[in-house]
Structures are given as structure tokens and as C-alpha cells.
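All remarks here apply to the structure that follows.
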Amino acid sequence: MLIPLLRCAVAFFALSLPCIASAQCTASSSLSGSSFVNNTGVGSFAWSSPANAASSNDLRASAGILLGVWSSANSNYLIATGFGFSIPSYASVCGIQVVVEKSAGGLGLGSSIIDNAVYLVKGGSVTGSNQASGSSWSASDGLATYGGSGSLWGTTWSPAEINAGNFGLAFSARLRTGVLSLTQYAQVDNISIVVHYFTTVLPVSLVDFEVKPIGNKKELSWATLSEENTSRFIIQRKSPQMVSWHSLDSIPAMHYSEQKNNYRYTDLHPLNDGLYRIACVDADGKISYSSVLKSALNVSKVVFTIYPNPGNGRIMLKSEEPLRKVTILNSLGHVCYTGILPQPQFQHFVDMHQQPPGVYVVRITTENKTDSRLLMIKP
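Counting from 25, one number per residue, gives the positions in the sequence shown under my numbering.
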């Protein structure tokens, strides 16, 4: 049996995943919350009309209290959720930026209003690091920015957590008086969020990319486990001495598919030492590239199969050489399963059905060889 050693720890590995996009962050649209409530998790006085913070229209959520001289008090949380994001499931989050339109009312000599707590909400719970600013609020509406394109607020984020209806912001104000006893009130006119992310893998799962010599020709073959919004594949070739790639041909993709599709292309006039790659083009014009292959076969690989693939995660690995070790990683490079075999065997069962749906890398090691395949776990 396999001995599990580690689950979902960060790992770095040398496998070139096909069709990997460059890590350039994209900004989502700025979206405002649709649900606003008072939450007593902090502070001593409540927000009235919290729903007024849904849009910038001079109708404001407010939290006020009568304070004595040289006194201070913190408001409850104003919780904003229901932002309606649709970050792609295959994306990685770079940062989160929040903009709050706010103002201070009832200011007097020596009094001020500042932030008390500014947190994000994940899964309905306040989380991460406090981004509160010590700057005083102005008496007129002003925009305050928290976080940014590279700020994760002291925690980690998945697209599913951000797309969820209970993702949002928790906001609390601190009111302070000076030499006068005053009724002060914090006001919020709008809360909006922008999410910065990059698509680690384009919505096509390309596997089994190979180049084989057939007489004086070269046959390229590859397969996709799934396709979503995929337009075409461009076969490209170059000499190791050249900088630029030359496009040989374009093959239409299936556009949308949840099953395995096989593709082939024959280079009738190959170079002796040619390099090949596949350009994956989606319907929106995004282009990514497979790993680069030489025209010769890679003799260091070992033939093995995964069944069923795609499937529910309960898989059987079968190898032509005795297996020594199995490692399974998700698309972000996190190790989700590592096992060693006390006795080398030609086939082994692995249960991955509790892992979330997506594309995984299965890497096997025999006596002196290593090989990898992509596994798709379906919902």
C-alpha cells in the first residue's frame, strides 16, 4: 500500500505544465456590495441604515454616539457582502483593493474620527490583518483605499472564497472628542472592491504532448482532458540556434468539451534538431504555450496510465516498470499526496475523491526514471 507522507504543502518541482500563462495580474471590475448589516463583534454602538452604503448617492450608513469631553468609543462592524465576483476557478489571486467613501459628522474643537478596524470577510468570518488607517476622516465625502494589487490582507484566497456571497468587508470607526461633549457620527456612502488575479492555467487541459519520428517526418500528438472557450492550437517550430518561432499550421479546437480529445499533426519537412511547441489560443485571443519538446523521444520516461481519467478521483495507476514513489500536485504546485511503496509494484490505487475538482499532476518514480501525467477530477 502507499504510505501517505504529506498533504497539500507547498512544493517546487521541475515539471513543465503545458499551456501555462504568464503571471501577469488582471484587475476585475470594481463591484459594490449588495448586502449590508450591523455586526456586534466589535464596538459599543450600531450602524443605522447600513444598506445606504450600497451605492454612492449621498444616502449614507451612519454610526453615532454622544461622548463626553476627551472620550472615545468604537462602532460595531458595518459588514458588506454580496459583491458578486466571478473570478475564474483556475486563477490565482494577487491582491485585493477596497475603496470606502466615508465622512465625519458632528466634529468639534479637538475631536476626530479615525478607522478602528478594516478587515476582509472570508466564509462569513472576519479574517486576515487589520488595514485600518490612523488618518482623520474629513467632514466631506472622501475616498480611502485599503490593500492593493499585491496585498492579500495577511491570508490566502481562492477564487471560490472571493466569488462566494459571504465574501466582503468588515468596517469599524473610532470616534474621539476634545474639549467639548459632542454627538459625533461616522458615515459611509459606498464600499467597493477590486480583485487582482492572474490565470495560472488557461481553460484547456493539454496532456500527452509528444513528438515522434516517422520515417523522414515528425508526428506531433497531444490531447486535451477538457476545453472551455478554446479556439485553436497553433503548431510552432524553431531551430535551437534561432530566436523566433515559426508557425507551421493551425488546428481548430473543440471550443468546449468535458471529455478527452486527441490531436495530431505531421511535419513533412522537419529540421534535424527542431524544437516544437503548441500555442493554445482561446476565443478571447489569450495565448499560452506548451512546454518545448525536442524532435527525439525522451528515453528517460516510463509508460504509465491513470484510470479513470477524467474521473471522481479514485484512480488506478498502472506502470510498465515497478513503481517506487507517487506524488500528486494541484495546478498551483501544492503537494496533495505523496506516497512511497515498501515493495515495488506495477499498479496501485490512490483515493483523491476528497480533493476539489480540477487538474492535478501525477508524478511517478521507478528505479531510475520519472514521468508525469495530468489527472482531471470532475465535480
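Note that the Cβ used here is the ideal one computed from N, Cα and C, for glycine as well.
Treat the numbers as computed from the prediction; the structure is a model and nothing was measured.
If you draw a straight line from the alpha carbon of residue i to that of residue j, how long is it in whole angstroms?
i: SER153; j: SER159; result: 18 Å
i: PHE195; j: SER56; result: 14 Å
i: ASP395; j: THR105; result: 45 Å
i: GLU243; j: ILE259; result: 11 Å
i: ASN140; j: SER157; result: 8 Å
i: ILE217; j: GLY171; result: 10 Å
i: GLY65; j: LEU353; result: 38 Å
i: VAL327; j: GLY309; result: 35 Å
i: PHE9; j: SER116; result: Summary: the structure shown does not reach residue 9, with the chain confined to residues 25 through 403, and so no result is reported for it.
i: GLN378; j: TRP181; result: 20 Å
i: SER54; j: GLY174; result: 16 Å
i: ALA78; j: SER205; result: 32 Å
i: LYS146; j: PHE191; result: 5 Å
Using C-beta distances below 6 Å, list every residue in its chain close to residue i, excluding the 5 sequence neighbours before and after it, in chain order.
i: SER263; result: LEU295
i: ASN62; result: ALA70, TRP71, PRO74 and ASN100
i: LEU167; result: VAL123 and GLU125
Which of the three DSSP states is assigned to residue i in this structure?
i: ILE111; result: coil
i: ASN22; result: No answer is possible for residue 22: it lies beyond the span of the chain, which begins at 25 and ends at 403.
i: PRO366; result: strand
i: ASN214; result: strand
i: ALA194; result: strand
i: PRO74; result: helix
i: MET400; result: strand
i: GLN260; result: strand
i: GLY335; result: strand
i: TRP94; result: coil
i: SER160; result: coil
i: SER245; result: strand
Buried or exposed for residue i, going by 16 or more other Cβ atoms inside 10 Å?
i: ASN336; result: exposed
i: SER184; result: Note on residue identity: the sequence assigns Ala, not Ser, to residue 184. Result: exposed.
i: ARG387; result: buried
i: PHE60; result: buried
i: LEU398; result: buried
i: ASP306; result: buried
i: TRP94; result: exposed
i: ARG338; result: exposed
i: GLY67; result: buried
i: GLN155; result: buried
i: VAL150; result: buried
i: ILE238; result: exposed
Cα-Cα, which of the options is closest to residue i?
i: TYR280; options: LEU249, HIS293 and THR290; result: LEU249
i: HIS372; options: GLU391, TYR331 and CYS360; result: TYR331
i: CYS118; options: CYS49, THR169, ASN98 and GLY65; result: CYS49
i: ALA163; options: SER136, SER173 and SER149; result: SER136
i: GLN219; options: SER52, ILE238 and THR390; result: The identity of residue 219 in the sequence shown is Val, whereas the question assumes Gln. It is SER52.
i: PHE109; options: TRP94, SER255 and ASN187; result: ASN187
i: LEU304; options: TYR209, ALA277 and GLY88; result: Note on identity: in this sequence residue 304 is Cys, with Leu being the wrong assignment. Ranking the options by Cα distance to CYS304, first place goes to ALA277.
i: GLY88; options: SER80, LEU102, ALA77 and GLY129; result: GLY129
i: ILE364; options: THR389, PRO380 and SER343; result: THR389
i: TRP246; options: VAL123, VAL316, LEU133 and ASP213; result: VAL316
i: LEU193; options: LEU167, GLN283, GLN155 and LEU144; result: LEU144
For residue i, which residues from the same chain have a beta carbon less than 7 Å from its beta carbon, with the 5 sequence-adjacent residues on both sides left out?
i: MET400; result: SER229, LEU249, SER250, ASN333, PRO334 and VAL383
i: ALA47; result: Its pLDDT being 45, under 50, ALA47 is placed unreliably by the model, and nothing is read from it.
i: TRP177; result: ILE120, LEU144, GLY152, SER153, GLN155 and GLY171
Here's a check: name, in chain order, each residue in its chain whose Cβ is nearer than 8 Å to the Cβ of residue i, leaving out the five neighbours to either side.
i: ARG198; result: SER96, ALA97, ASN98, SER99, ILE137, ILE138, ASP139 and ASN140
i: LEU292; result: LYS241
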